[in-house]
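Presented below is the structure to which this report refers.
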Amino acid sequence: MLGCLLAKSLWRGKARTVLVVLSVATASTLVSAFLNIAFTVTEEMAKELRSFGANILLVPKSEPLEIAIGGLRFVSPEESAYLEEAELPRLRTIFWRHNIAAFAPFLSRMVEVEGEQALLVGTWFDREIPIPEGKRFFAFANGSRREVAPDKGTFHTGLKNLSRWWQVEGQWPREDKDGVLIGNELARRLKVGINDRIRVAVEGKSVFLSVRGIARTGGDEEKQIFVHLKLAQELFKLPGKIERVQVSTLVTPDNALAARASRIGPANLPPEEYETWYCTPYLGSVIYQIEEAIPNTKGKAIRQISEAEGAFLGKMRLTFILVVAVAVLVALLAVMATMVTAIFERRQEIGLMKALGADAKQLGLLFLLEAGLTGMGGGIVGYFGGLTLAQLLSVRTFSLGGLGFSLSLQAAIFPITLLAAVAVALLGSFFPAKEAMRLEPVKTLRGI
Amino acid sequence: MVAICAIALGASLVVAALNLRYGIKERLARELRSYGANLVLVPRTEPFLKESDLVILEDKRLKDRIIGYAPFIHKVAKVDGKDVVLVGARFSQLSKISQWWQIEGRWPEKENEALIGTNAASKLGLRLGDRFSAVHKISQLSLSVTGLLHTGGAEEHQVLVRLETLQRLTLLDGFLTSVLVSSPAGKELEETVAILQKAWPQAEARTLLQVARAEEAILARLEIFLTLVSLLILTAAGLSVYATMSTAALERKVEMALMRALGGEERRVAWIFASEALGMGLIGGILGCAAGLLLSEIIGLSVFGSFIFPSLLSLPIGLALGVGISLFCSLWVVRRILALQPAVVLRGE
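Chains V and P, in that order, give the protein sequences.
In terms of numbering that gives the first Met the number 0, the first sequence opens at residue 0 and continues consecutively.
In terms of numbering that gives the first Met the number 0, the second sequence opens at residue 0 and continues consecutively.
Set out below in structure tokens:
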């Protein structure tokens with residue numbers, strides 16, 4: 000009986016039903032789109048920020064005191080300390096290896112270029128490195144061990160991926176050919192252009208190298224010249240050695256736990272907290288894991304980048320949450336208003352039903368069921384609408400080809416959207432329906 | 000009454016959204032400035048810049064474009080027989096453009112105090128409160144450590160002292176090696192560079208691309224995003240006002256029919272209701288603008304801890320939306336009702 004009534008009433012007021020469903024759908028589109036975006040936007044922003052430089056610097060434990068001035072850099076020979084190039088691929092074996100976006104090693108010495116002093120830097124420009132194979136485990140403080148699925152294949156990295164803000168005129172040098180990338184200021188001073196050959200003298204020995212590109216960065220790099228690492232190692236007679244590594248990692252902004260870990264040291268955290276800390280990509284925990292993986296290394300946070308990033312992302316998240324809250328509120332109000340109108344239009348219907356002997360409970364059930372059904376319909380339509388909208392928004396905002404949809408995230412968003420839709424529909428029809436039922440049937444029927 | 004509330008609410012949300020759309024961008028752009036300086040001034044041909052030329056940066060045209068600047072002099076000196084880079088800086092200005100520096104101890108205040116990079120400190124065997132002397136050629140200087148500096152950058156290898164102190168030690172009174180400048184990002188940055196270039200020809204203004212590019216990219220993304228969100232809010236607010244206004248007009252179906260039955264012309268009846276809607280729209284719009292301003296300031300306060308500058312555009316748009324939508328809705332509904340036969344309406348069918 001009730002079902003029959005319900006179907007009839009929904010069908011007879013087709014236009015009205017469609018309107019209500021549409022308005023609920025609009026609202027839940029907003030809810031679902033904003034939830035999607037709010038959860039992923041800071042991640043996207045973080046990724047975006049990562050293309051602007053390393054946030055971790057790896058140096059040997061006994062880091063020498065360097066005298067760096069005006070783009071030149073001196074280290075006294077007896078103090079020099081090195082890392083092994085061969086150990087670098089281990090960076091991709093740590094727990095948060097997927098968060099390591101790029102890294103590049105550096106080895107530099109003063110040389111004479113065409114009679115002028117300049118810093119020659121050896122680095123990886125663009126490299127495919129194999130990832131070490133084998134099973135890996137991570138042991139936690141409480142003794143549990145977690146196996147980590149091994150990665151296969153190779154990892155693409157180097158200075159070109161690390162420092163995307165460099166403006167290079169000409170080409171990046173190749174890894175297998177002896178070419179140099181020269182800083183803009185140095186090139187201007189030496190009056191050399193692309194494809195010119197320059198003489199580089201190290202410790203009395205000299206080689207001729209051709210210029211493949213001119214780099215503009217605004218920083219000290221403009222006074223330096225860059226060659227591939229192997230060549231630098233040969234020139235300096237330091238096979239397999241590197242001095243420092245810049246690493247770009249995706250990290251979450253520090254919170255209270257991360258602050259405490261850096262204050263008292265991760266080893267002094269209670270076991271559960273240690274595990275949480277270890278399994279969260281804070282800057283501190285990533286550095287800790289790198290230090291574990293590569294012996295004799297000290298990791299330093301490049302604060303200029305990391306702090307600004309953390310602060311910025313924190314603010315962004317808060318802003319988005321507030322904006323989203325406001326937007327959702329508006330959407331819900333819009334739906335409520337529509338529901339009120341819809342019920343109001345049916346005052347006479349309610350009056351008639353009451354006059355025919357329906358009691359308030361039955362009527363309430365009918366209207367709430369109707370509202371629930373339309374809410375559900377609108378919610379489902381809106382959820383998918385929102386998904387599309389979020390995709391559209393993120394493609395427009397971030398040139399990353401859309402969001403990565405994680406099922407677990409969707410599993411949370413779908414019920415929330417549906418719930419919001421149904422709740423709003425119910426709430427929107429509850430008050431006007433109650434109001435309508437309080438009225439005398441005679442009066443409503445007479446249209447007063 | 001309900002209608003006025005709905006209009007006010009809609010308008011307030013629109014005003015708040017628009018305010019945030021413009022205000023937040025500015026605030027976040029400022030926030031990004033904590034990335035540090037995005038311009039550096041270096042000598043063009045001569046080995047040094049003149050300190051007296053810094054007045055150029057205080058010039059009226061440049062003052063608004065520069066958030067902060069810090070002059071530096073870099074020199075290698077011997078501490079404990081080891082070569083170290085000594086940096087002379089004005090600490091009050093430096094602390095403003097390098098907020099990310101972590102200092103154990105405190106910033107130097109007096110003449111002979113120094114801030115020392117952690118790596119330099121460990122290599123020179125210095126700790127907080129220690130005294131040491133720096134030697135450059137024949138002159139010598141006695142300094143005490145007031146703070147240890149963690150930055151993760153080159154500063155960790157340096158000793159920072161007051162600008163005048165180092166100038167005196169190296170006999171380079173009134174000379175500078177570089178000036179770091181922090182300036183609003185985006186298009187303005189290029190203009191700033193051009194102006195600087197003209198105003199101070201001895202100096203070469205260089206954009207620190209790492210910082211500048213990051214800022215540009217983020218601000219551009221942010222702008223698109225906030226525009227889209229404002230549009231969505233605008234649509235939603237419009238819908239909610241529309242729905243409420245329709246209800247309000249429907250409630251008065253009988254009244255309208257009665258007017259018609261008593262001989263009121265369709266136009267006049269519509270006009271009466273429209274002017275009513277106009278009034279409601281105005282009142283609601285004004286209330287909404289005030290509430291919206293309040294809302295955006297609350298959000299600004301809670302996110303940034305300071306007020307955001309209200310965008311002048313937001314108020315007229317908010318008002319126009321209130322009036323426009325209420326007028327449009329009521330006319331729409333009124334016309335639909337007036338098209339019905341008064342007799343039918345009055346009979347309540």
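Every residue gets a Cβ at the ideal spot worked out from N, C-alpha and C, and that includes glycine.
For residue i, which residues of its own chain have a beta-carbon under 7 Å away from its beta-carbon, when the five flanking residues on both sides are left out?
i: P/Ala204; result: Leu38, Leu40, Val192, Leu195, Gln196
i: V/Pro131; result: Pro88, Arg89, Thr92
i: V/Leu388; result: Thr28, Ala32
i: V/Leu426; result: Met335
i: V/Glu113; result: Leu189, Ile197, Arg198
i: V/Ala80; result: Pro59, Ser61, Glu62, Pro63
Just to confirm before moving on: does the CB-CB distance between residue i and residue j stay below 8 Å?
i: P/Ser274; j: P/Val332; result: no
i: P/Gly116; j: P/Gln157; result: yes
i: P/Pro70; j: P/Arg43; result: no
i: V/Arg302; j: P/Gln101; result: yes
i: P/Val268; j: P/Arg259; result: yes
i: V/Leu189; j: V/Gln223; result: no
i: P/Glu264; j: P/Leu337; result: no
i: P/Trp199; j: P/Ile316; result: no
i: V/Gly212; j: V/Gln170; result: yes
i: P/Ala202; j: P/Leu12; result: no
i: P/Arg130; j: P/Leu142; result: yes
i: P/Ile349; j: P/Thr164; result: This structure cannot speak to residue 349 of chain P, because chain P is shown only from 0 to 348.
i: P/Ala10; j: P/Gly291; result: yes
i: P/Asp82; j: V/Ile66; result: yes
i: V/Leu328; j: V/Leu4; result: no
Suppose the cutoff is 8 Å on Cβ atoms and the five residues either side in sequence are ignored; what does the same chain contact list for residue i look like?
i: P/Gly22; result: Ser295, Gly299, Ile307, Phe308, Pro309, Ser310
i: V/Thr248; result: Arg49, Asn54, Ile55, Trp95, Asn98, Ile99, Ala100, Pro280, Leu282, Val285
i: P/Gly173; result: Lys49, Glu50, Ser51, Gln166
i: P/Ser329; result: Met244, Ala247, Ala248, Phe272, Ala273, Glu275, Ala276
Among residues of its own chain, excluding the 5 on either side of residue i, which ones have a beta-carbon nearer than 6 Å to its beta-carbon?
i: P/Ile3; result: Met279, Ile282, Gly283
i: V/Lys299; result: Leu56
i: V/Val226; result: Gly121, Val179
i: P/Pro375; result: Here chain P has residues from 0 to 348 only, and residue 375 of chain P is not among them.
i: V/Leu431; result: The displayed chain sequence assigns Pro, not Leu, to residue 431 of chain V. Counting only Cβ-Cβ distances below 6 Å, and skipping sequence neighbours, we find Val339, Ile342, Phe343.
Going by C-alpha to C-alpha distance, which of the options sits closest to residue i?
i: V/Ser162; options: V/Ala200, V/Ala341, V/Phe102, V/Leu321; result: V/Phe102
i: V/Ala26; options: V/Pro440, V/Ala420, V/Asn160; result: V/Ala420
i: V/Leu71; options: V/Gln390, V/Met335, V/Glu77, V/Val110; result: V/Val110
i: V/Val20; options: V/Glu86, V/Gly371, V/Pro294; result: V/Gly371
i: V/Asn469; options: V/Phe207, V/Glu306, V/Ala231; result: Nothing can be reported for residue 469 of chain V, as the shown portion of chain V is limited to 0 through 447.
i: V/Ile293; options: V/Lys314, V/Val58, V/Glu439; result: V/Val58
i: V/Phe73; options: V/Ala80, V/Tyr81, V/Leu64; result: V/Leu64
i: V/Pro440; options: V/Gln347, V/Gly203, V/Leu391, V/Glu221; result: V/Gln347
i: V/Thr296; options: V/Glu83, V/Leu4, V/Asn35; result: V/Glu83
i: P/Leu140; options: P/Glu103, P/Val78, P/Trp106; result: P/Val78
i: V/Ile412; options: V/Trp10, V/Leu386, V/Trp276; result: V/Leu386
i: V/Val206; options: V/Gly217, V/Ala231, V/Arg215, V/Glu220; result: V/Ala231
i: P/Ala5; options: P/Val344, P/Leu238, P/Leu293; result: P/Leu238
With H, G and I counted as helix, E and B as strand and the rest as coil, what does DSSP make of residue i?
i: P/Ala338; result: coil
i: V/Ser398; result: Confidence is the limiting factor: at V/Ser398 the pLDDT is only 46, short of 50, which leaves the residue's position unreliable and the question unanswerable from this model.
i: P/Ala273; result: helix
i: V/Glu242; result: coil
i: V/Ser61; result: coil
i: P/Gln139; result: strand
i: P/Ile360; result: Lying outside 0 to 348, the shown extent of chain P, residue 360 of chain P is not represented and no answer is given.
i: P/Leu159; result: strand
i: V/Leu71; result: strand
i: P/Ala204; result: strand
i: V/Gln232; result: helix
i: P/Asp79; result: coil
i: P/Ser132; result: strand
i: P/Leu171; result: coil
i: V/Val19; result: helix
i: P/Val240; result: helix
i: V/Ile130; result: coil
i: V/Leu425; result: helix
i: V/Lys299; result: strand
Could you check if residue i belongs to the surroundings of the ligand GDP, using beta carbon to heavy atom distance under 7 Å?
i: P/Ala248; result: Because no ligand of any kind appears in the structure shown, any question about the ligand GDP cannot be addressed here.
Check whether the region 182-189 of chain P touches the region 335-347 of chain V, taking contact to mean three or more Cβ pairs, one atom from each stretch, closer than 8 Å. Too few Cβ pairs lie closer than 8 Å, so no.
If you pair each beta-carbon of the region 217-228 of chain P with each one of the region 55-65 of chain P, do three or more pairs fall below 8 Å? Contact fails: fewer than three Cβ-Cβ distances are below 8 Å.
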